[in-house]
Structure formats: structure tokens, C-alpha cells
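Inspection log for the structure reproduced underneath, given as C-alpha cells.
Residue numbers (this note's numbering): 3 to 87.
Here it is, written out as C-alpha cells:
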């Protein structure tokens, strides 16, 4: 079990928190508590009639919108190098 609420005050980047209101693995209350504990800009998506890991079809456009609004192109040219082999 990993309780992210313990690290919430240390997070500085904008966050998007997604909860399914019918989740029986991570109860919605834990998501609401996490949002309350955050000190950074935080957006909450609470999806009715969705359980754990459900509703991605409806949420992914919102995730893409959030990332597009917060991520910027790299200032330097980046190169990937193989790490195995």
C-alpha cells in the first residue's frame, strides 16, 4: 500500500487527480483527502459510476489537455541512448 497523501505537501508541480466514485480499491475519500493536502495547483476529476482503473476512455482527453497545458517543449535537443545491450 502506498499512501501518496504523505508526500502531498512536497509536490510542487501542478497535479491532476482522477478518482472513480465507485472505486473499492482506493476509496474516493482518499482522493478527496489527497486534493485537500496538496499545496500545488491541483485539478480533480471525479467520475461517477467508475471503479478502479475505469473510465479511461472519458478521462484521457482531459489528461491530454492537462499535459498540453503544463508541459512545454524541451529547450535543448534530447537524445535517447540504449541502456541495455
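For each residue, glycine too, the CB sits at the ideal point set by N, CA and C.
Roughly how many angstroms lie between the CA atoms of residue 76 and residue 43, to the nearest whole one?
-> 22 Å
Do residue 39 and residue 21 have their C-beta atoms within less than 8 Å of each other?
-> no
Local conformation of residue 53 per DSSP, three classes | coil
Going by DSSP, what residues sit across from residue 46 in a beta bridge?
-> 19
Proximity of residue 11 and residue 41 at Cβ, strictly below 8 Å = yes
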